[in-house]
Amino acid sequence: MAGRRVWIYELNTLKEALLKGTNGEQLEVWQKRESSLKFMTRALKCMPNDEGYVTTSIEGRVAVEFFDPSPNVQAKKYAFKCHRQVIDGVDTVYPVQGLAFNSVHGTFVTGGGDGTVSIWDPVAKKRLRQWPKFRAGVIGCEFSRDGRKLAVGWSSDDLVDVGGVHGVSVREVGEDAKGKGTK
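Per full-length UniProt numbering, numbering of the sequence shown is gapless, rising by one per residue and ending at 183.
Rendered as structure tokens:
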């Protein structure tokens, strides 16, 4: 399917090209892949342990992928549905727009157009917590450097008129950010 390609570059190669002042034509793609997600990507973040990355889509899906191309590691990749609600008997899908990793625990959060934020354990493949809904869709989120706080940006869009509300919320995450693989 056209437009589902993922090109992965080695950052040291990009750095060398920038330092040499080349136009980038000599850069080689480290890996070329097809995205696990069928619809437009909204966010992409590398894992803090450098083993892989997570992507999100407008279709309310998240994909967890790994850099190592060996078949046994690639067998660990997975995708899942999230940020969905049943409204009047209809499954309503929201884009997953916010994505951030906790660098201390390796867990990650997703924020959706439904106004919810969930924290996930990529090792256990489970949702650890979902916080109460914000007044509008989540447009971005980020953990503090020490992994103790989570900032969430939320704002209305043209899809649903909620009176032009927007804001940033910062909360302590405490033990909620610890996953199965964390001590």
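C-beta: ideal position from N, C-alpha, C; glycine also.
Rounding to the nearest angstrom, what Cα-Cα distance links residue i and residue j in this structure?
i           : j           : result
residue 86  : residue 93  : 9 angstroms
residue 2   : residue 41  : Reliability fails at residue 2, whose pLDDT of 48 lies under 50, so the model's placement of it is uncertain and the value that follows must be treated cautiously. The alpha-carbon atoms of residue 2 and residue 41 are separated by roughly 13 angstroms.
residue 148 : residue 61  : 26 angstroms
residue 125 : residue 156 : 30 angstroms
residue 183 : residue 34  : Confidence at residue 183 is low in this model, with a pLDDT of 47, below 50, so the placement of that residue should be treated as unreliable; the coordinate-derived value is given next. Each residue's Cα considered, the two are about 34 angstroms apart.
residue 142 : residue 37  : 23 angstroms
residue 102 : residue 175 : 12 angstroms
residue 188 : residue 50  : It is not possible to answer for residue 188, since the shown part of the chain is limited to 1 through 183.
residue 69  : residue 137 : 36 angstroms
Going by the beta-carbon positions, is the gap between residue i and residue j smaller than 8 angstroms?
i           : j           : result
residue 112 : residue 130 : no
residue 168 : residue 135 : no
residue 177 : residue 107 : yes
residue 180 : residue 121 : yes
residue 58  : residue 39  : yes
Step through the CB atoms of chain D and report whether any lies within less than 8 angstroms of the CB of residue i.
i          : result
residue 38 : Judged by its chain identifiers, the structure shown contains no chain D, having just a single protein chain.
For residue i, which residues does DSSP report across the bridge?
i           : result
residue 85  : 92
residue 108 : 101 and 120
residue 134 : Residue 134 is not bridged to any residue.
residue 65  : 53
residue 169 : 152
residue 143 : 150
residue 39  : According to DSSP, residue 39 bridges with nothing at all.
Would you call the region 67-76 and the region 89-107 in contact, with 3 or more CB pairs under 8 angstroms? no
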